[in-house]
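Residue numbers (the UniProt record's numbering): 1 to 194. Beta carbons are placed, not taken as given, at the ideal position from N, Cα and C, and that holds for glycine. None of these values were measured; they are calculated from a predicted model.
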């Protein structure tokens, strides 16, 4: 969850047409709704289609819709190499959808478990090979990227109130980004630290 301590910038949230989003498979589910891997067309001027992660809103009541809009406005303003890129929303029909950059290796928690000292790839229940344990320099690289993202959030007067490995995502080349900012009714509360 992210808290905006000072509200200043107002970038326009990009609206994406539902016909441009093709769901491929479910990636997970949370309190907000399901997350899917999808192809998105007409998102980039240099690519015909892109793989994206889409977060759906399962409860379309008025309060949830307002929270959805607030989170979209917040995410539009966050742009950094170690913050998951937010592309926009699809609000024509239900469910409401947020479109994010797809991080191929999923969340950092699962990634670390798969690359820990006891991790093995199983084929038909038999150990085949180790995924390869991460070295100290790789772990420091991961930590440095997360710290960079947190420094950026602080510079923007945002507080991520649920930083955890499950809320960091891993892409190619051990690129790590902070994501899953969550929805909160008090996301724009200015008296958070009073």
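Going by DSSP, name the residue or residues bridged to residue i.
i           : result
residue 97  : 56 and 90
residue 15  : 89
residue 25  : 37
residue 169 : 107 and 177
Looking only at C-alpha atoms, which of the options sits nearest to residue i?
i           : options            : result
residue 51  : 67, 60, 170 and 24 : 24
residue 60  : 103, 69 and 54     : 69
residue 38  : 27, 46, 30 and 22  : 22
residue 33  : 42, 40 and 96      : 96
residue 35  : 19, 58 and 18      : 58
residue 151 : 80, 118 and 16     : 80
residue 175 : 142, 27 and 118    : 142
residue 66  : 91, 145, 45 and 19 : 91
residue 43  : 144, 20 and 173    : 20
Since residue i contacts residue j with CB under 8 Å, what's their CB separation in whole angstroms?
i           : j           : result
residue 160 : residue 178 : 6 Å
Tell me whether residue i sits in a helix, a strand or coil according to DSSP, three-state version.
i           : result
residue 82  : coil
residue 161 : coil
residue 210 : Summary: the structure shown does not reach residue 210, with the chain confined to residues 1 through 194, and so no result is reported for it.
residue 32  : coil
residue 136 : helix
residue 44  : coil
residue 119 : coil
residue 102 : coil
residue 20  : helix
residue 145 : helix
Going by beta carbon distance, what residues of the same chain come within less than 8 Å of residue i, once the five residues before and after it are set aside?
i           : result
residue 100 : 52, 53, 54, 55, 84, 85, 86, 87 and 179
residue 72  : 13, 86, 88, 89 and 98
So is the beta-carbon of residue i under 6 Å away from any non-hydrogen atom of the ligand FMN?
i          : result
residue 78 : The ligand FMN is absent from the structure shown, which contains no ligands of any kind.
Who are the Cβ neighbours of residue i in its own chain at under 6 Å, not counting the five residues just before and after it?
i           : result
residue 153 : 160
residue 148 : 82
residue 171 : 103 and 104
residue 49  : 39 and 41
Give me, in chain order, the residues of the same chain whose beta-carbon lies closer than 7 Å to that of residue i; leave out the 5 immediate sequence neighbours on both sides.
i           : result
residue 94  : 60
residue 112 : 165
residue 27  : 35, 36, 37 and 53
residue 116 : 133
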